[in-house]
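Here the structure comes first, spelled out in structure tokens, and everything after it is commentary.
4 protein chains.
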Amino acid sequence: MSYGRTIREEFNHCDPAGIVFYPRYFEMTNSVCENFFREVVGYSYHAMMKDGIGVPTARVETDFRAPSRLGDVLDWVLVVEKVGGSSVTVQLDMGSGGAHRLTARLVLVWMSPEGRPARWPDPIRAVLTAHLETTA
Amino acid sequence: MSYGRTIREEFNHCDPAGIVFYPRYFEMTNSVCENFFREVVGYSYHAMMKDGIGVPTARVETDFRAPSRLGDVLDWVLVVEKVGGSSVTVQLDMGSGGAHRLTARLVLVWMSPEGRPARWPDPIRAVLTAHLETTA
Amino acid sequence: MSYGRTIREEFNHCDPAGIVFYPRYFEMTNSVCENFFREVVGYSYHAMMKDGIGVPTARVETDFRAPSRLGDVLDWVLVVEKVGGSSVTVQLDMGSGGAHRLTARLVLVWMSPEGRPARWPDPIRAVLTAHLETTA
Amino acid sequence: MSYGRTIREEFNHCDPAGIVFYPRYFEMTNSVCENFFREVVGYSYHAMMKDGIGVPTARVETDFRAPSRLGDVLDWVLVVEKVGGSSVTVQLDMGSGGAHRLTARLVLVWMSPEGRPARWPDPIRAVLTAHLETTA
Numbered sequence: 298m299s300y301g302r303t304i305r306e307e308f309n310h311c312d313p314a315g316i317v318f319y320p321r322y323f324e325m326t327n328s329v330c331e332n333f334f335r336e337v338v339g340y341s342y343h344a345m346m347k348d349g350i351g352v353p354t355a356r357v358e359t360d361f362r363a364p365s366r367l368g369d370v371l372d373w374v375l376v377v378e379k380v381g382g383s384s385v386t387v388q389l390d391m392g393s394g395g396a397h398r399l400t401a402r403l404v405l406v407w408m409s410p411e412g413r414p415a416r417w418p419d420p421i422r423a424v425l426t427a428h429l430e431t432t433a
Numbered sequence: 298m299s300y301g302r303t304i305r306e307e308f309n310h311c312d313p314a315g316i317v318f319y320p321r322y323f324e325m326t327n328s329v330c331e332n333f334f335r336e337v338v339g340y341s342y343h344a345m346m347k348d349g350i351g352v353p354t355a356r357v358e359t360d361f362r363a364p365s366r367l368g369d370v371l372d373w374v375l376v377v378e379k380v381g382g383s384s385v386t387v388q389l390d391m392g393s394g395g396a397h398r399l400t401a402r403l404v405l406v407w408m409s410p411e412g413r414p415a416r417w418p419d420p421i422r423a424v425l426t427a428h429l430e431t432t433a
Numbered sequence: 298m299s300y301g302r303t304i305r306e307e308f309n310h311c312d313p314a315g316i317v318f319y320p321r322y323f324e325m326t327n328s329v330c331e332n333f334f335r336e337v338v339g340y341s342y343h344a345m346m347k348d349g350i351g352v353p354t355a356r357v358e359t360d361f362r363a364p365s366r367l368g369d370v371l372d373w374v375l376v377v378e379k380v381g382g383s384s385v386t387v388q389l390d391m392g393s394g395g396a397h398r399l400t401a402r403l404v405l406v407w408m409s410p411e412g413r414p415a416r417w418p419d420p421i422r423a424v425l426t427a428h429l430e431t432t433a
Numbered sequence: 298m299s300y301g302r303t304i305r306e307e308f309n310h311c312d313p314a315g316i317v318f319y320p321r322y323f324e325m326t327n328s329v330c331e332n333f334f335r336e337v338v339g340y341s342y343h344a345m346m347k348d349g350i351g352v353p354t355a356r357v358e359t360d361f362r363a364p365s366r367l368g369d370v371l372d373w374v375l376v377v378e379k380v381g382g383s384s385v386t387v388q389l390d391m392g393s394g395g396a397h398r399l400t401a402r403l404v405l406v407w408m409s410p411e412g413r414p415a416r417w418p419d420p421i422r423a424v425l426t427a428h429l430e431t432t433a
């Protein structure tokens, strides 16, 4: 079960070559994860912050296969690849008009209010596990 | 006749105090103008760039009246305040949950492929004029 | 007595037209103010945050007179224009190679830990007042 | 032979938790690479753009080991890990106050004016090769 989100490429994302500047892609990967937690897991970053919780990104791996241009509609898909004790590995793929552009793999860690990695609470683990998917 | 657009405040927009960092508000004002040109004027920034045209911002004036917090849904409204020979003044107001937060006034200039301010083409002037509105 | 700071224009600041995207100029105005408080006033934003203090921007007014291109070295100058009870108005001018590009006027407000505008502490008011300057 | 660059963490880089938001780290990795090309290779991104050349990032891999806080002085070090036919792999390490925070590995590709990966020109290959270093 994957989670999808569409982002229109705007002026803000582009570099002088007219293509997405790669740090802006990471604003998008963060936004996709943020909305996944809000919409699917049911625990928004905002609610987490109030509770002293966070899910910082511990690792990022990204292959940029083709550039994206101003006006492109970027289709992002997130699948959960692995649920660890206190971490989750998600894979994000992005394409536009059916053509694949980018694959990113992120490891997020559940941090307790004490600022230490902690075991996922069961209800969250259950949702993450339900989104596990084998990726090619 | 006003133009509206909603932007959810995300992690990306916030400063260490947990409120929108003001340069991110200007990413939003640009996005609202960009989408107004695409959706209402019918001439996207992407199409303009192909034609060697641009509508750079010549002046910005903004009053920040109340802060916005992570998770807020920001409602932006754009009205055209004045259509000049080669410029347009737009007023953008932003609120959330009915409470007003910010007023911005921007002057955009129509730039010819030669990089000089030029007279608005009639069809564009007609659309801009149709969106003229008296603002309080 | 003015305060100066130099920022080299990099890829990160540019839009698809190869010039500084105006929200990035506001990242620069914030950086100039932030370093003015750290270096001149002697009270960094970091120290303020620890003390529950902030100096949010209440108003911005900017005239963009000429574009800046990748590789330009941007010379910023800040002068204090007016010191109010709980606010300060600063004027920032930016030029490159001697040519003037931009004037920005910002109003910052001293916010108490209770989140209300408060009277500048005397030592800070003294520094701000020492930087008062008549601007053309 | 490594290349170093120091970046002070400012408001602009921080997320609501007061630590560097990871997309801003990638603005920094890009800035370090950009300045390496300008200062060491002697071919700035600005000059490349005029020549129709680019060195887009094809792959990024980053481990975030410890967070960085507002006011930290971030010391970046770049070494060349591998010089391929048309690509270069660079490793960037960042620390502050002697404590290691982050390792990033980026693959950049030399793109011809025709928009295709092309063989490094000999003078550039020579400089890159001179910066080859075995990393732990």
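Residue numbers (our numbering), protein chains in the order written: chain R, 298 to 433; chain X, 298 to 433; chain Z, 298 to 433; chain P, 298 to 433.
We put the CB at the ideal spot given by N, CA and C, even for glycine.
Contact holds between the stretch 409-420 of chain Z and the stretch 343-352 of chain Z, because three or more Cβ pairs, one in each stretch, are under 8 Å apart. Taking every protein chain shown into account, the CB of Leu389 (chain P) has 16 or more other CB atoms within 10 angstroms, so this residue is buried.
In this structure, DSSP gives Ala423 (chain P) a helical state, which the three-state scheme calls helix. The alpha-carbon separation between Tyr342 (chain P) and Arg366 (chain Z) amounts to approximately 12 Å. Membership of Arg321 (chain P) in the alpha helix (DSSP H) is indicated by the continuous run Tyr319 to Phe333. DSSP, reduced to helix, strand and coil, places Met298 (chain Z) outside both helices and strands of the structure shown, so it counts as coil. For Ala363 (chain Z), the closest C-alpha among the options Z:Gly381, Z:Met346, Z:Arg302 and Z:Tyr322 is that of Z:Tyr322. Counting the other CB atoms within 10 Å of its CB gives His428 (chain Z) a total of 16 or more, which places it among the buried residues. Around Ser393 (chain Z), the same chain offers Ser365, Asp369, Val370, Leu371 and Asp372 as residues with beta carbons nearer than 7 Å, after the five sequence neighbours per side are excluded.
Of all residues in the stretch 343-368 of chain Z, the ones placed with a Cβ closer than 8 Å to any Cβ belonging to chain R are Leu367, in chain order. Sequence-distant partners of Thr426 (chain Z) (beyond 5 residues in either direction) whose C-beta falls short of 8 Å from its own C-beta, in its chain, are Val377 and Val380. One thing to note: Phe361 (chain Z) has its Cβ within 9 Å of the Cβ of Arg398 (chain Z).
Each residue's CA atom was taken as its position, placing Thr400 (chain P) and Thr400 (chain X) some 42 Å apart.
Only buried fits Pro313 (chain X), as 16 or more other CB atoms lie within 10 angstroms of its CB. Interface annotation, Ser383 (chain Z): not in contact with chain P, CB-CB separation never under 9 Å. In this structure Leu375 (chain Z) touches Phe333 (chain Z) by the C-beta definition: roughly 5 Å separates them, less than 8 Å. Within the model, the alpha-carbon separation for Cys330 (chain P) versus Val338 (chain R) is close to 37 Å. Residues of the stretch 321-345 of chain P whose Cβ lies closer than 8 Å to any Cβ of chain X: none.
Chain R places a beta carbon closer than 9 Å to that of Glu307 (chain X), counting this residue as a contact. Contact with chain R is found for Ile316 (chain P), since one of that chain's Cβ atoms lies less than 9 Å from the residue's Cβ. The Cβ atoms of Val404 (chain Z) and Val385 (chain Z) sit closer than 9 Å to each other. Among the CB atoms of chain Z, one or more fall inside 9 Å of the CB of Tyr319 (chain X).
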